[in-house]
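Contents: one structure, followed by commentary.
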Ligand code: HMG
Ligand code: MG
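Residue numbers (our numbering): 1 to 301.
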């Protein structure tokens, strides 16, 4: 087992986190959050989604967010683009990185995108092609990869095949999502073994939700398998409006604390991050779910 000396940490709080809040978070709060995250040293940040505001009103201010965003040097800001309409907006508002998102189960695809998996791939094709032609970084998510709220466990070989189909569209990396946080380390390894038969694991990023408290263990399992891109969300914010019961992502503080302890570089200042976790949580009227944020509060505030 050889662990990487550094990882790419994708911060998902402003998108995956705030898309799942019961209310719409004011644009000014989102912008301050994005600024603070960049100031923590995060270099890969999900900013917002160009999706239908009827489906996800929480992201309805995407154009405003991207217009007013202070773009920190060296930071890659990613936006979700489910179709060409979303891509047009991403292009117009100058997003340097985009993400399309498929689902490993038909039921989830229908709920999240209102189409079949095959139809979603056809919708993504021109988005990915145009994104690459315009010089953008393109991620392809595969959601519910370790379990679907409607269909249960997914067949690893089938999930790996979908990852390969997304890679074949031209995506730079594949974000494998445990959308409802049901995976456990053995299942993560089994899935990654199947994926590794079809593509190099250095073109994979893992995106774990922490519903069952497994996200940090699952991240470690994927690190041990050679995956060097990992998603997390400040204060453990997050969820998917179309995945009933799904809670937030792995908290970025928990991940950074583990990486610091293991001598793996993420570039993130844990003190600033914990302060940011408390700041956004106060704005949302609750405490961070992160154990590290709670443990370090009195030391860093
Ligand atoms: P649809 O209703 O089939 O779309 O939804 P449509 O093409 O028939 O259009 C319906 C209306 O939406 C039209 O407006 C379009 O203009 C508009 P109207 O004429 O009724 O006024 N529209 C749009 N508006 C803004 N931006 C767009 C857009 N497209 C259409 N891009 C659609 C299909 C894909 C639009 C819809 O299902 C949708 O927006 N889905 C997004 C759902 C979503 O954002 N889910 C959460 C993100 S995924 C996630 O969280 C998982 C992840 O974290 C990984 C993991 O955890 O596993 C990434
Ligand atoms: Mg997610």
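Cβ atoms here follow ideal geometry from the backbone N, Cα and C, with glycine treated the same way.
| Query | Result |
| --- | --- |
| Less than 6 Å between C-beta atoms, sequence neighbours within five positions excluded: which residues of the same chain meet that for residue 123? | 83 |
| Please confirm if the stretch 62-80 is in contact with the stretch 33-40, defined as three or more CB-CB distances below 8 Å between the two stretches. | yes |
| Could you spell out the range, first to last residue, of the alpha helix (DSSP H) harbouring residue 122? | 117-133 |
| In the DSSP assignment, the beta strand (DSSP E) including residue 258 goes from what residue to what residue? | Taken as a continuous stretch (DSSP letters only), residue 258 belongs to no beta strand (DSSP E), being part of the alpha helix (DSSP H) at 252-262. |
| I'd like to know whether the C-beta atoms of residue 176 and residue 136 end up nearer to each other than 7 Å. | no |
| Given a cut-off of 7 Å on the beta-carbon distance, is the pair residue 150 and residue 109 in contact? | no |
| Please classify residue 295 as buried or exposed, where buried requires at least 16 neighbouring CB atoms within 10 angstroms. | exposed |
| Specify the secondary structure class of residue 61 as computed by DSSP and reduced to three states. | coil |
| Residue 91 bridges to which residues according to DSSP? | Answer is none; residue 91 lacks a bridge partner. |
| Once DSSP output is grouped into helix, strand and coil, what is the label at residue 233? | strand |
| If you follow the alpha helix (DSSP H) that residue 27 is part of, which residue opens it and which one closes it? | 27-39 |
| Can you tell me whether residue 35 sits near ligand 2, meaning its C-beta is under 6 Å from at least one heavy atom of the ligand? | no |
| Measuring only the C-alpha atoms, how far is residue 207 from residue 81? | 17 Å |
| Going along the chain, which residues of its own chain have a beta-carbon closer than 6 Å to the beta-carbon of residue 90, five neighbours each way excluded? | 50, 79, 81 and 98 |
| Could you give the distance in angstroms between the alpha-carbon of residue 87 and the alpha-carbon of residue 127? | 6 Å |
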